[in-house]
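Read through the structure below, which is laid out as structure tokens, and then see the notes.
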Amino acid sequence: MKIVIEKITPIREGEAVIVSLSLSDGVHEEKSKHEIATDLFFDMGFSMSAGDGIVINQSQYEMLTDAAELTSAIKKGADLIGFAQNTKKSLVSKLIHRGFSKDISVRAADYLENVDYIDEKSQAEELFADLAERRLYGPSRIRNELYKKGFSDDAIDIAMQTEVDFDEILAERIRRTVNLSDFADKAKRQKAIASLMRYGFSVGNIKNALIILKDEQ
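Take 84 as the starting number for the sequence shown in this note's numbering and just add one per residue.
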């Protein structure tokens, strides 16, 4: 099989190239075009002057087709990120759902992270602030929510280092949802404490929040 690069055409202001190929067994000839991200094309050792009838081997051909598939996944991934924020984990899952292999999906997500399309640390910090300040969640509930969203351990650990007064956040939750008089009744107190702990607060948080609220009276 003779495989020839017939033409290389830059597109999208040089972000990608169209590689025109011909494959011939001496009897039949097949032509194809493949879009490849320019940096992936260069990483394979090709240059913009690689066209004009240069013959490549089977291994190089497979590299080109693999890069074309990866480029397609990268484009789809960028579209998905433009529509809504995604973690690497969620993006990989969506790409697989759209028919890309797991290997290609993971590599596409890695590529998009490397070019700063995916910034899990900033996303995790934004969600942390929303869960703490707007939804009034405690630290363990927030960590669990970040994990369920697919954030990496590193992104979660960094977000959890954000300085937040969870005692005051809990005091606000109690103001909105619990009558302080309930804490004087054993059964009601146990029920209230169990509810607050489900929202991610510790026994220490609850004690400190009650002190804040009593001081306000």
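Here a beta-carbon is modelled for each residue, glycine too, at the ideal position from N, C-alpha and C.
Please read these numbers as outputs of a predicted model, since none were measured by experiment.
Just so you know, the alpha carbons of K116 and L279 end up roughly 60 Å apart. Within the same chain, I252, L253, E255, R256, R259, Y282 come within 8 Å of L219 by CB-CB distance, once the 5 residues on both sides are set aside. Counting only the Cα atoms, K171 lies some 8 Å from G233. A straight-line Cα-Cα distance of about 16 Å links S103 and S155. I164 and Y194 have their C-alpha atoms spaced approximately 13 Å apart. Beta-bridge pairing by DSSP links L104 to I88, S115. Taking C-beta separations shorter than 8 Å and ignoring five residues to either side along the sequence, the partners of E112 in its chain run S105, L106, following chain order.
About 16 Å separates the beta carbon of I101 from that of I139, a gap too long to meet the 8 Å contact definition. Contact between the region 172 to 184 and the region 208 to 218 is not established, with fewer than three Cβ pairs separated by less than 8 Å. Between E216 and I187, the gap from beta carbon to beta carbon reaches 8 Å or more. Counting other Cβ atoms within 10 Å of its Cβ, V110 stays below 16 and is therefore classed as exposed. Scanning the region 203 to 253 from its first residue to its last, the whole alpha helix (DSSP H) runs of 4-plus residues come out as 203 to 212, 222 to 231, 236 to 243. Excluding five sequence positions before and after N291, the CB atoms of its chain that fall closer than 6 Å to its own CB belong to D250, given in chain order. Beta-carbon to beta-carbon, F124 and A150 are separated by about 7 Å, close enough to satisfy the 8 Å threshold.
Burial is judged here by how many other beta carbons sit within 10 angstroms of a residue's own beta carbon; R95 has fewer than 16 and is exposed. Contact check for V175 and V198: beta-carbon distance about 16 Å, past the 8 Å limit, so the pair fails to qualify.
Among the bridge pairs identified by DSSP, I94 is matched with A99. Nearest in C-alpha terms to K297, of all of E98, F266, I157, K204, is F266. Here G136 is exposed: its Cβ has fewer than 16 other Cβ atoms, across all protein chains shown, within 10 Å. Between the alpha carbons of D236 and R226 lies a distance of about 10 Å. Per DSSP, V198 is not a residue of any alpha helix (DSSP H), being assigned neither H nor E.
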